[in-house]
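In full-length UniProt numbering, the protein residues as written are 1 to 339.
In this text, a Cβ means the ideal position worked out from N, Cα and C, and glycines have one as well.
Please read the structure below before turning to the comments.
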Amino acid sequence: METMLVSEFMIKAMTLFVATTAVLAQSLFGASEYPMEAGLEKDIIFLHVDKQSLQAELRTWPESYESSEHLMTLKIAIGKAEGDKQVEGDNKTPEGIYFAQDLIDGRTLPAKYGPFAIPINFPNTFDRHLGKTGYGIWLHGVEKDARIEEAKVTEGCVAFYNADIEALAKWLKPQQTVILISDGRDEVNRPSDIQQVTSLTKGWQKNWAERNLDQYISHYRSNFRFRGNGLQGYREYKGRVFDSYHQMVVNFSNLRVFTHESYALSIMNQDFNGDDRYVSQGRKILYWTKDDSGWKISHEIFENRRFQRQSYSRELFAKLYENSPSAKAFSKKIEESKL
């Protein structure tokens with residue numbers, strides 16, 4: 001897809017998506033194998049795409065990140081050009097923290113995209129802040145699996161063996177599953193960064209719950225914008241909110257932190273109740289950036305959806321990987337290295 005998709009395919013894809021979702025769930029997953037029902041455990045699942053190793057790793061991501069479990073590793077192909085995507089048409093695969101979007105049935109697309117395509121939300125809020133352009137970055141299959149061996153062949157998308165994208169289609173939930181794309185592993189999800197951002201996020205939560213306006217605002221970057229106003233305007237707005245309720249209760253749950261070379265994300269569920277006059281439930285996303293003053297919030301988003309854990313079983317992933325073309329490709333590479 002990348003930046004060259006003809007609009008008629010997108011229109012057709014979106015038109016057929018709703019009609020085919022139920023059929024796809026039945027034909028792909030089977031009534032007893034649908035991941036949200038079959039698992040013995042429950043957690044956030046995310047995909048780390050490493051452009052350097054040409055591998056995508058599916059992992060659990062518990063609140064105690066040290067307990068993260070590897071689920072499976074898949075072989076990928078990426079954009080023809082080196083580096084982080086900057087502008088439309090540069091053939092580069094973007095680097096950052098994204099969410100999976102709605103699954104697109106490959107039958108509505110050209111054959112080169114294989115059985116399924118899973119868009120990501122590039123450009124995200126931080127990308128747009130940096131002036132990055134482009135659209136239509138997908139995780140997708142291929143017309144022929146041999147194309148994956150060519151490694152750098154797409155216009156910016158991440159391509160998988162067809163059987164692997166079929167497996168991923170069961171687990172990459174729209175608006176839920178985090179897709180982290182990097183050029184190497186050293187600068188992402190570093191323990192020190194996760195610990196710092198987690199601690200700051202919990203401090204931000206506490207300051208809000210206690211209506212400590214000075215400390216609350218101290219978490220924000222000086223160029224933070226809210227509804228067209230700068231940080232001072234946001235401070236005044238938040239002060240009015242704090243003062244307008246006799247009883248104000250805000251609770252947070254399911255906090256997860258993901259860090260990248262350039263920024264970090266805190267994702268959590270947020271429940272607010274002000275005197276029973278205003279009640280909201282949803283998901284809060286904080287974008288943190290770091291400079292000499294430390295980590296500060298540069299962007300904040302509230303969405304009317306929840307951040308949800310998924311049910312899964314190790315046995316199912318072991319079976320999926322056993323039958324994966326990636327497993328065979330990795331085994332072949334190991335054997336060749338012994339010669």
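Query	Result
Reference N304, options K80, Y98, G282, closest by Cα	G282
Strand pairing of F116, partner residues [DSSP]	D105
Rounded distance between the beta-carbons of G156 and N91, thought under 8 Å	6 Å
Separation of D50 from F17, as counted between CA atoms	Confidence in F17 is poor, its pLDDT being 40 and thus under 50, which makes the residue's placement unreliable; the coordinate value appears in the next sentence. Answer to the nearest angstrom: the Cα atoms are 29 Å apart.
For I194, the nearest candidate out of H299, I267, S337, L213 (CA to CA)	I267
For F122, the three-state DSSP class (helix, strand or coil)	coil
First and last residue of the uninterrupted alpha helix (DSSP H) at residue 340	Shown here, the chain extends from 1 to 339; a query on residue 340 therefore has no answer.
Counted within 10 angstroms of its Cβ, other Cβ atoms place G184 as buried (16 or more) or exposed	exposed
Exposure of A146, with buried meaning 16 or more beta-carbon neighbours within 10 Å	exposed
Endpoints, the alpha helix (DSSP H) within which residue 396 is located	The first residue shown for the chain is 1 and the last is 339, placing residue 396 beyond what the model contains.
Under the three-state DSSP convention, the category N273 falls into	strand
CA nearest to the CA of residue 415, picked from N223, T60, A56, L231	The requested residue 415 is not part of the displayed model; the chain covers only 1 to 339.
E37, buried or exposed, once every other Cβ within 10 Å from all chains shown has been counted against 16	Low per-residue confidence applies at E37: pLDDT is 47, beneath 50, and the placement is therefore not dependable, though the value from the model is reported in the following sentence. Under this definition E37 is an exposed residue.
Distance CB(I104)-CB(T93) smaller than 8 Å	no
Where the alpha helix (DSSP H) containing R314 begins and where it ends	314–322
8 Å contact criterion, which residue 351 and F99 should meet: CB distance rounded	Residue coverage of the chain in this structure runs from 1 to 339, which leaves residue 351 outside it and unanswerable.
Beta carbon proximity, R256 to chain B, threshold 8 Å	Structure shown: chain B not included; a single protein chain is present.
Span of the beta strand (DSSP E) around W295	294–303
Cβ shell of F272 (< 6 Å), same chain only, five flanking positions each side left out	V250, S280
Buried or exposed by the 16-neighbour rule on C-beta atoms within 10 Å, applied to P123	buried
Buried or exposed (CB count within 10 angstroms, at least 16 for buried), S337	exposed
Length at least 3, wholly inside the UniProt domain "L,D-TPase catalytic" (47–182): the beta strand (DSSP E) runs in chain order	55–60, 70–79, 96–99, 116–119, 138–140, 152–154, 158–160, 178–182
C-beta atoms of E261 and V158 nearer than 8 Å	no
Coarse secondary structure for F224, derived from DSSP in three states	coil
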